[in-house]
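Colleague:
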Amino acid sequence: MDYSQTIAHIHQQLLLEKNHGQVAGYIPELATVDSEKFGVCLINTDNVCFWAGDWQEQFSIQSIIKVVTLSLAYQKLDAQLWQRVGVEPSGTPFNNLSRLEHDYGIPRNPFSNAGAIVVCDVLMELFSDPREVVITMLRTLASDEAIHFSQAIAASEKSEGYRNMALAYFMKSMGNIMHDVEDVLDLYFDVCSIAVNCEQLARIFIYLAKHGRSADDRHSYLSRAQAKRINAIMLTCGFYDEAGDFAFRVGLPGKSGVGGGIVAVMPGEFSLAVWSPRLNEKGNSYRGLRFLEQFTSMTEKTIF
Ligand code: GLU
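Just so you know, we're using my numbering here: the sequence shown kicks off at 916 and counts up by one.
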């Protein structure tokens, strides 16, 4: 299927519409990004690529990395992982504190900040150099060595990361963080800081469109059953407290980040990355969501 015209058409239409929302300001470095950037890239399982706009410009991956870190932990621990983090949508914002106390320090799901911090703690147990493991997985999947950590973004987030510190210290007090809290948070801030463009992101996520296998079929990152479950968690928990609305409007598993990126997966067919930095009040890219809603409506490519 040739998606070039559909992608170009929706991209152009949205550029004519008024853009809404705000660039994430709570991480000072993210607030410096040009709010009108807008890129799209779709890669299908035959490795054919369709794109529009600022698809080759790098941005901060932020929460989208939580899918990759989760995959690495899940690949090694399988069901044992769910003793440390749940798989239920939380219905609360990504950095919510009160729910965690109610749940005795076991985060509702791996895509909340608390859940992703626990996953970082798990990666420190599993790998002697987890940063290297994460970046190597991204570079291998994207066949691109240009993917890198951004020290400026990581330092910027760390300088104001009081809520994440509160979450991590609370979980430490409840026995759900094994390592030094500062070290776990450093890893978390570093992996969130990684710079990618839409093409790299779409290439990375093809393993979830291919039931756990790499684009060239040579690597297996997850079993088929595991890939199904990660896609299910993306569908139910991938968009903060807007996951239901995203499923309702778009109908694909996906994950957003406060850098303005969204990646969505159509299992068996494609992975699709969109970037537009202005976020709606729930923290999801305003234009990214509009794009995906129109794309799945026009192409009827949804899992439902
Ligand atoms: N690094 C960000 C934070 O912890 C990630 C948030 C996001 O993209 O949802 O606040």
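Glycine included, C-beta positions come from ideal geometry on N, C-alpha and C. Since this is a predicted model, take the numbers as computed values, not measurements.
1. Could you check if ALA1179 is buried or exposed, using at least 16 other CB atoms within 10 Å of its CB as the buried criterion?
2. Just to confirm the assignment: which complete beta strand (DSSP E) runs, minimum length 3, are found wholly within the region 916 to 1001?
3. For the structure I just gave you, are there three or more beta carbon pairs, one from the region 936 to 954 and one from the region 1183 to 1194, closer than 8 Å?
4. If you measure from the CB of VAL1096, is any heavy atom of the ligand GLU nearer than 6 Å?
5. Keeping to the same chain, check which residues put their C-beta closer than 7 Å to that of GLU1003; ignore five residues upstream and five downstream.
6. Roughly how many whole angstroms lie between the Cα atoms of VAL1111 and ALA1069?
7. Which residue marks the beginning of the beta strand (DSSP E) containing LYS1197, and which one marks its end?
8. Reducing DSSP to helix, strand and coil, say where MET1093 ends up.
9. Looking at the ligand GLU, does it come within less than 6 Å of CYS1152, judged from the CB to the closest heavy atom?
10. Exposed or buried, which one is LEU957 when buried takes at least 16 other CB atoms within 10 Å?
11. Find out if the Cβ-Cβ distance for the pair GLY1159, ILE1177 is shorter than 7 Å.
12. Assuming LEU1056 and SER975 form a contact by the criterion Cβ under 8 Å, report the distance between their Cβ atoms to the nearest whole angstrom.
13. From the DSSP output, read off the bridge partner residues of MET1181.
14. Which residue or residues does DSSP assign as beta-bridge partners of SER1135?
15. Thinking just about the alpha-carbon of each residue, which of CYS1107, GLN990, PHE1219 is nearest to the one in GLY1127?
16. Given this structure, state the Cα-to-Cα distance separating PHE1206 from GLN928, to the nearest angstrom.
17. Just the C-alpha distance for ALA1029 and TYR1103, rounded to the nearest angstrom, thanks.
18. Looking at the unbroken alpha helix (DSSP H) that takes in GLY1159, where does it start and where does it end?
19. Where do the ends of the alpha helix (DSSP H) carrying LYS1087 lie?
20. Quick check on DSSP: helix, strand or coil for LYS1216?
21. Should VAL1173 be counted as a contact of the ligand GLU given a C-beta to heavy atom distance under 6 Å?
22. Can GLY887 and ILE979 be called in contact, C-beta distance under 7 Å?
23. Examine the ligand GLU and report whether any of its heavy atoms sits within less than 6 Å of the Cβ of TYR978.
24. Taking DSSP as the reference, what is the three-state secondary structure of SER1005?
25. Check SER1013 in the structure and name its three-state DSSP category.
26. Quick check on LEU1041: buried or exposed, where buried means 16 or more other Cβ atoms within 10 Å of its Cβ?
27. Secondary structure at SER1171, three-state DSSP: helix, strand or coil?
28. Rounding to the nearest angstrom, what Cα-Cα distance links LYS981 and ILE925 in this structure?
29. I want to check one thing, is the minimum distance from the CB of ASN1079 to the heavy atoms of the ligand GLU below 6 Å?
30. Closer than 6 Å: is that where the CB of PHE1042 sits relative to any heavy atom of the ligand GLU?
31. Got a sec? Which residues, its chain only, sit under 7 Å from THR921 by beta carbon, not counting five neighbours each side?
Modeller: Reading off the structure:
1. buried
2. 954 to 959, 964 to 968
3. yes
4. no
5. ARG1023, ASN1024
6. 14 Å
7. Counting along the chain, LYS1197 falls outside any beta strand (DSSP E), and DSSP gives it neither H nor E.
8. coil
9. no
10. buried
11. no
12. Contact doesn't hold; Cβ gap of about 18 Å is too wide.
13. PHE1185
14. ARG1128
15. GLN990
16. 9 Å
17. 10 Å
18. 1158 to 1164
19. 1077 to 1088
20. coil
21. yes
22. The structure shown does not extend to residue 887, since the chain is modelled only from 916 to 1219, so the question has no answer here.
23. According to the sequence as given, residue 978 is Ser; it is not Tyr. True, at least one ligand heavy atom lies under 6 Å from that Cβ.
24. coil
25. helix
26. exposed
27. strand
28. 28 Å
29. yes
30. no
31. PHE1210, MET1213, THR1214
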